[in-house]
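Heads up: the structure comes next, in structure tokens.
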Ligand code: GLP
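In the numbering used here, the protein residues as written are 1 to 262.
In structure tokens, the structure reads:
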């Protein structure tokens with residue numbers, strides 16, 4: 001696992017955006033580059049940088065296919081808290097990606113089982129995901145894979161915990177009862193089948209989750225800890241998120257990442 005510790009959120013976002021743009025630019029066609037994407041406040045800075053780079057001609061999304069991690073059940077596209085709305089508002093509407101290349105789970109489906117199975121099939125039809133960017137919840141959930149979700153889970157229906165509803169209620173007028181109780185989400189296994197997994201962890205409120213991800217044992221209690229089993233996992237974090245890792249852990253990653261890469 002690589003842990004890239006940046007001074008602040010701005011620098012973490014820039015590092016991750018450059019990493020994604022480099023991966024897209026070094027991809028050899030004609031098959032598209034397949035990019036997995038998250039919502040939440042953590043990736044907003046990365047999206048802003050990628051939009052700037054796209055407008056400056058430094059990266060194009062014309063041959064990129066995206067798969068988003070998750071979507072609330074019961075929110076239509078036009079609901080300003082649906083992840084469809086979030087992604088278009090914060091990213092897709094501002095870059096040169098063809099709409100047909102965008103894949104998102106449909107939280108309004110009548111048949112969630114089929115919707116999720118079809119999503120897995122669509123990912124497989126592209127030969128899997130090249131790079132999955134993710135964020136994590138304060139309880140270490142990745143996508144909507146709450147504590148005790150199987151580490152080999154696939155795309156499916158998830159029940160949100162009360163903790164997550166309370167945390168996410170900041171987008172729903174601070175009223176947890178307004179947060180949908182269910183979501184469709186890729187599984188931990190779906191994310192970890194990706195060739196590269198890049199997870200953004202920033203802010204003091206994620207310090208405990210970062211420590212469990214990097215130093216704790218692999219456990220379904222912290223679904224993000226499955227990252228330890230992936231052979232190309234990268235965490236991009238800021239100093240604020242490092243508050244609960246050991247000084248030696250911090251020094252180790254600073255040391256190896258400051259060495260020149262071969
Ligand atoms: C939600 C999403 C996750 C996201 C998490 C953290 O629960 N389902 O994919 O990683 O929130 O969000 P934030 O980045 O706003 O802290």
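Virtual Cβ for every residue (Gly too), placed ideally from N, Cα, C.
**OP:** Starting from residue 133, follow its DSSP beta bridges and name the residues at the other end.
**Re:** 198
Original post:
From the DSSP output, which residues share a beta bridge with residue 151?
Top reply: Answer by DSSP bridge pairing: none, since residue 151 is not bridged.
Original post:
Which term fits residue 229, buried or exposed, when burial requires 16 or more other beta carbons within 10 angstroms of its beta carbon?
Top reply: exposed
**OP:** Evaluate contact between the stretch 178-187 and the stretch 215-234, counting only Cβ atoms and requiring at least three cross-stretch pairs below 8 Å.
**Re:** no
Original post:
According to the Cβ coordinates, are residue 59 and residue 21 closer than 7 Å?
Top reply: yes
Original post:
Can you tell me whether residue 36 is buried or exposed, with buried defined as 16 or more other CB within 10 angstroms of its CB?
Top reply: Answer is buried; the Cβ neighbour count reaches 16.
Original post:
Between residue 41 and the ligand GLP, is the CB less than 6 Å from at least one heavy atom?
Top reply: yes
Subject >> Euclidean distance between Cα positions of residue 203 and residue 244 >> reply: 12 Å
**OP:** State buried or exposed for residue 192, treating a residue as buried only when at least 16 other CB atoms are found within 10 Å of its CB.
**Re:** buried
Original post:
Does the Cβ of residue 148 have 16 or more other Cβ atoms within 10 Å, making it buried, or fewer, making it exposed?
Top reply: exposed
Original post:
In angstroms, rounded to a whole number, what distance separates the CA positions of residue 271 and residue 189?
Top reply: Lying outside 1 to 262, the shown extent of the chain, residue 271 is not represented and no answer is given.
**OP:** Drop a sphere of 10 angstroms on the beta-carbon of residue 42, count the other beta-carbons inside from all chains shown, and report buried for 16 or more, exposed for fewer.
**Re:** buried
Original post:
At which residues does the beta strand (DSSP E) containing residue 6 begin and terminate?
Top reply: For residue 6, the uninterrupted beta strand (DSSP E) segment begins and ends at 2-6.
Original post:
Just to check, is the beta-carbon of residue 69 closer than 6 Å to a non-hydrogen atom of the ligand GLP?
Top reply: Residue 69 Cβ: within cutoff of the ligand GLP.
**OP:** List the whole-angstrom C-beta distance separating residue 6 from residue 248, where the pair is believed to meet the contact cut-off of C-beta under 8 Å.
**Re:** Not a contact, Cβ separation roughly 19 Å.
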